[in-house]
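The structure under discussion appears below in the form of structure tokens.
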Ligand code: SF4
Ligand code: SF4
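Numbering (the numbering used here), first residue to last: 3 to 299.
Written as structure tokens, this is what we have:
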């Protein structure tokens, strides 16, 4: 997207947003943005108006083609492969241009309400070999900068399963442009993990991590109000696996596997009790044998 196209997109969306009588002016603005690209003959990936949790516009990319092959949830519980997400994902275009155009629509829609957009609700920003798709991230950064200049706010946030070491050189540059990216399944700075909330305390104790449970899973709030994901990179965000795929997600989660392998303090206590009990039984057996032996003699 060049700057003239971006300016045309903003005008089309702002006009619809100001003049529409629809109940949801942001949805109307998104429709105008998508129609704008259609009129230009340019591709645009699906853009949604958010759900109760995000309450922000979001984009959808194809799963598999844009996901790092090492993602442990692919075909193994990934939420993006279920329900409404899967319906949007099925229409998603793998072209970087289509996903950047969609991000432009989502970021402008977000900025109209001074919100951040949620990028790739489905999919990621990787090449088939797992490296970051530089053309895609570069396009996002460019659009995010234009959005910030025009509206004085907005931007976007998202998560990635791309290897942290490979993504690190892009991270600060994207953040500075207005796109905050969390590292999925990482419990270092700027990370996010899937972990049943009942393991939260053990996990914090074992890792010494500063972490927060996603507030939207605890009370009636949403990302637009909460903002933890992009304002508090010092906190690792913990998501409680839920829904029909909860068991698969829990078993595939690297944080859960790490904790299970290491053994939580609770498990270790149980193991200690079991070991002490077995030792006591052995001792009793020896005592009984020696007593019976004594009686036989
Ligand atoms: S990278 Fe994200 S969208 Fe892709 S399979 Fe993994 S969890 Fe699903
Ligand atoms: S921690 Fe806050 S911003 Fe992040 S997903 Fe949960 S509600 Fe949204």
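For glycine and all other residues, C-beta sits at the position ideal for the given N, C-alpha and C.
Taking all protein chains shown into account, do 16 or more other C-beta atoms lie within 10 angstroms of the C-beta of residue 286, making it buried, or fewer, making it exposed?
exposed
Residues with a Cβ closer than 6 Å to any heavy atom of ligand 1, in chain order?
65, 69, 73, 75, 76, 80, 82, 124, 125, 126, 163
May I ask which residues mark the beginning and end of the beta strand (DSSP E) holding residue 1?
The question about residue 1 has no answer, for the chain in this structure spans 3 to 299.
So, using beta-carbon positions, are residue 56 and residue 101 closer together than 9 Å?
no
Taking the alpha-carbon positions, what's the residue 252 to residue 193 distance?
17 Å
Buried or exposed by the 16-neighbour rule on C-beta atoms within 10 Å, applied to residue 91
Counting every other CB atom within 10 Å of its CB across the protein chains shown gives residue 91 a total of 16 or more, marking it as buried.
Euclidean distance between Cα positions of residue 126 and residue 163:
7 Å
Paired residues, beta bridge with residue 239 - DSSP
Residue pairing by DSSP places residue 239 opposite 194, 214 in a beta bridge.
If you draw a straight line from the alpha carbon of residue 177 to that of residue 281, how long is it in whole angstroms?
57 Å
Between residue 300 and the rest of its own chain, which residues show a CB-CB distance below 8 Å, the 5 nearest in sequence each way excluded?
Any question about residue 300 goes unanswered here, given that the chain covers just 3 to 299.
Of the residues 32, 50, 8, 237, which one's Cα is nearest the Cα of residue 145?
8
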